[in-house]
Amino acid sequence: MSNVILKNVRKTYDNNKTVINNVNLEIQDKEFVVLVGASGCGKSTLLRMIAGLEDITDGEIYIGDKKVNNIPPKDRDIAFVFQSYALYPHMTVRENIAFGLKMRKVDKATIEKKVQEAAEILNLTEYLDRKPKQLSGGQRQRVALGRAIVRNPKVFLMDEPLSNLDAKLRVQMRSEIKKLHEKLQTTFIYVTHDQTEALTMGDRIVVLNGGDIQQVDTPDEIYNNPKNTFVAGFVGSPQMNFIEGKELSLDENILYGIRPEKMTKIDGDIKLTVEVDISEMLGSEKIAYFNIGENRCSAKLEPETQIGKTIELSIKQEDLYKFNKETGERI
Ligand SMILES: Nc1ncnc2c1ncn2[C@@H]1O[C@H](COP(=O)(O)OP(=O)(O)OP(=O)(O)O)[C@@H](O)[C@H]1O
Ligand SMILES: [Mg+2]
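Residue numbering for the sequence shown follows the numbering used here, beginning at 6 and increasing consecutively.
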């Protein structure tokens, strides 16, 4: 079993700043969980505490039902993949992948077999004798993954492993890491600040803000049933429109939310005429930007939509989200 449990976990750095407040989280065996949130919200801190690279101020962490608070990183049965691949420049790919096993005094034949297997899974076989500087960014990242795979860890921890790659390679590596997860059948905990990466990769997503968990759910639930304005605004691009209650009804205590793709030209219950000040043609869709009262909004429209000075849009009642204007909680 390689489940991971966090109970009332808190982290305060020396400067007395609390960066993780009171996190409770249960990650199932073989699950792919993504921790997502803006820069500085505590993602790396949380991951590093699971790895044992950072002390826990309060609370308990269990890996495979064993409390690991006082167990050093090397004995936690985890593998960590960093954003900066952290390869040894003077070693070949083969030596880099084998390094951890060699340190653990695993016998030569077993090391060679494991390196070969990992290289095959990751399409690195033909590069085994090269040095890291002779590889592309994507290939280097695969070597970093190879080094983690050969250890057969109970849990893979990855901190923004794709953020140094260009956009196209990032998309490609996204599905390679998903395939790797299916093949290895182990628990993955993956950190990113990119909501698209979170939505496309996670079995479940943990949305963090300022050291607090905002919501833990499947990508579908996070997108369609956000618990509060933070989650609603964090996932989706362009982001959800927020409109003051008084603009659409008489209730001033409500903040309405509507996704840009749900503001259409098709007949809905609420009709609006808006003044478009910018529009963007993205090939498969056209985005129009405008104000509703003081609220900056956008609509995702068919690419052939003609946009004049004004445009008629409509909203279906059922597509509106309602939030408490004060607390941001979903009503
Ligand atoms: N060693 C440290 N000492 C003091 N404060 C720290 C230390 N490491 C991180 N912090 C602070 O803790 C907070 C959380 O940092 P963390 O690195 O976990 O954020 P993050 O979500 O990973 O951000 P990013 O997306 O930028 O990597 C930040 O405010 C950061 O300044
Ligand atoms: Mg980080």
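For glycine and all other residues, C-beta sits at the position ideal for the given N, C-alpha and C. Just so you know, these numbers come straight off a predicted model, no measurement behind them.
- With a threshold of 16 other beta carbon atoms within 10 Å, Pro308 falls short and is exposed.
- Taking a cut-off of 8 Å on C-beta distances, the segment 78-95 touches the segment 162-172, as three or more cross pairs fall below it.
- Here DSSP, grouped into helix, strand and coil, assigns Ala84 to strand.
- Spanning the alpha carbons of Phe193 and Val39 requires a straight line of approximately 8 Å.
- Taking C-beta atoms as the reference points, Val211 and Val236 fail to come closer than 8 Å.
- Leaving aside the five residues that flank Gln200 on each side, the residues in its chain whose CB is nearer than 8 Å to its CB run, in chain order, Val41, Phe239, Val240, Gly241, Ser242.
- With 16 or more other CB atoms across the displayed protein chains lying within 10 angstroms of its CB, Ile66 is buried.
- Excluding the 5 residues flanking it on each side, Ser284 has same chain C-beta neighbours closer than 8 Å at Lys291, Ile292, Ala293, Tyr294, Ile312, in chain order.
- Residue side-chain check: Glu226 keeps its Cβ at 7 Å or more from all non-hydrogen atoms of ligand 2.
- Of the heavy atoms belonging to ligand 2, none sits nearer than 7 Å to the Cβ of Lys119.
- Burial check for Arg301: the Cβ neighbour count within 10 Å stays below 16, so the residue is exposed.
- Per DSSP, Leu92 is not a residue of any alpha helix (DSSP H), being assigned neither H nor E.
- With respect to Met178, Leu167 sits close: the two C-beta atoms are nearer than 8 Å.
- Going by C-alpha positions, Ile316 is about 22 Å away from Glu323.
- Excluding the 5 residues flanking it on each side, Leu140 has same chain C-beta neighbours closer than 8 Å at Val98, Tyr132, Val148, in chain order.
- Using a Cβ distance threshold of 8 Å, Arg15 and Thr62 count as a contacting pair.
- Burial state of Leu255 is exposed, judged by a 10 Å Cβ sphere holding fewer than 16 other Cβ atoms.
- In this structure Ile336 is not in contact with Ile297, their Cβ atoms being roughly 20 Å apart against a cut-off of 8 Å.
- Note that the C-beta distance between Cys46 and Gly207 is not below 8 Å.
- Annotation for Arg156: Ala84, Gly105 place their beta carbon closer than 6 Å to its own, counting only its chain and skipping 5 residues before and after.
- With a threshold of 7 Å, the Cβ atom of Asn21 does not count as near ligand 1, since no heavy atom of the ligand is closer than that.
- DSSP places Leu204 in the helix class (H, G or I) of the three-state scheme.
- A Cβ-Cβ contact shorter than 8 Å links Gln33 with Asn8.
- Listed in chain order, the non-local C-beta contacts of Tyr326 below 8 Å within the same chain comprise Pro231, Ala237, Met245, Tyr261, Gly262, Ile263, Arg335, local neighbours out to five positions each way being set aside.
- Burial of Ile218 is indicated by the presence of at least 16 other C-beta atoms within 10 angstroms of its C-beta.
- In the DSSP assignment, the residues bridged to Gln220 are Val212.
- In the assembly as shown, Phe87 is an exposed residue. Its beta-carbon has fewer than 16 other beta-carbons within 10 Å.
- For Arg301, the enclosing beta strand (DSSP E) starts and ends at 300-306.
- For Asn233, the secondary structure class from DSSP, reduced to helix, strand or coil, is strand.
- Any heavy atom of ligand 1 counts here; residues with a Cβ closer than 5 Å to one of them, in chain order, are Tyr18, Val24, Ser44, Gly45, Cys46, Gly47, Lys48, Ser49, Thr50, His198.
- Only residues of its own chain outside the window of five on either side were considered, and among them Glu36, Val38, Val221, Asp222, Thr223 have a CB closer than 7 Å to the CB of Arg209, listed in chain order.
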